[in-house]
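Q:
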Amino acid sequence: AALPGEAPAQVALRLAEAKARAVAANHPGALVIGSDQLAELDGRTLGKPGSVTAARAQLGACSGKVVNFHTALCVVDTRVAPPVARLAGDCTRVVFRALDAEAIARYVQAEQPLDCAGSFKAEGLGIALFERIDSEDPTALVGLPLIALARLLRECGLRLP
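Here is the structure:
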């Protein structure tokens, strides 16, 4: 949950770091990756719907609108003492096409996106709900920004291609 006055991007960064640090505490000598993502519509955070009814309502609210997906990444390096955390964030702007109730019902029935922020899976049929995606890292929308991850791993000394 957001702290008072905390913006969605800050929440995602805080949660990604908390996840990585929680795992890192039990894994000395490792690089630990944590990530988190929040969907923001009209200044409010969209949670995971949890039910078909809530998923349909969420997608109805997104119809024809812009939803910002704040994806955060944290790499904790426990090979050094004290452990070092490196953070990165990405904001992906998704423009939803106009969706009618039948299209929403078909999508929710087919993909059951009940555990996904924003009620869709971009890696599956959810991509058909969009008119446009704007992002510096196209992998961020599925929850793990791989361009940023590669950069953070290089900063940790890994020799990547």
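Heads up, the sequence shown is in the working numbering, so the first residue is 1 and it goes up one at a time. Using N, Cα and C, we set each Cβ at its ideal position, and we do this for glycine too.
Under the three-state reduction of DSSP, which class applies to Ala-1: helix, strand or coil?
A: Correct three-state label for Ala-1: coil.
Q: Could you tell me the distance, in whole angstroms, from the CA atom of Gly-143 to the CA atom of Ala-1?
A: For Gly-143 and Ala-1, the distance between alpha carbons rounds to 18 Å.
Q: Just tell me which of Ala-20, Arg-106, Lys-48 and Ala-81 has its CA closest to the CA of Ala-117.
A: Among Ala-20, Arg-106, Lys-48 and Ala-81, the Cα nearest to that of Ala-117 belongs to Lys-48.
Q: The alpha helix (DSSP H) that contains Leu-146, what's its start and end?
A: Element bounds for Leu-146: 146-155.
Q: Going by the CB atoms, is the gap between Gly-126 and Glu-102 shorter than 8 Å?
A: The answer is no: Cβ separation not under 8 Å.
Q: Going by beta-carbon coordinates alone, are Phe-130 and Val-108 separated by less than 8 Å?
A: No, Cβ-Cβ distance for Phe-130 and Val-108 is not below 8 Å.
Q: Using only CA atoms, which one of Ala-25, Leu-158, Leu-59 and Arg-79 lies nearest to Leu-99?
A: Leu-99 has its Cα closest to that of Leu-59, out of Ala-25, Leu-158, Leu-59 and Arg-79.
Q: Pick out whichever of Pro-82, Pro-145, Pro-4 and Ala-105 has its Cα sitting closest to the Cα of Ala-54.
A: When only C-alpha atoms are compared, the closest one is Ala-105.
Q: Just confirm the distance between the C-beta atoms of Gly-34 and Cys-74, as a whole number of angstroms; I'd bet it's less than 8 Å.
A: Gly-34 to Cys-74, Cβ: 5 Å. Contact.
Q: Less than 8 Å between the C-beta atoms of Val-76 and Ala-20, yes or no?
A: Result yes, Cβ atoms of Val-76 and Ala-20 sit closer than 8 Å.
Q: Do the region 149-159 and the region 37-48 meet, that is, are 3 or more Cβ pairs less than 8 Å apart?
A: Counting Cβ pairs under 8 Å, fewer than three are found: no touch.
Q: Can you name, in chain order, every residue of its own chain whose Cβ lies under 6 Å from the Cβ of Ile-133, other than the five neighbours on each side?
A: Closer than 6 Å at Cβ, skipping near neighbours: Val-94.
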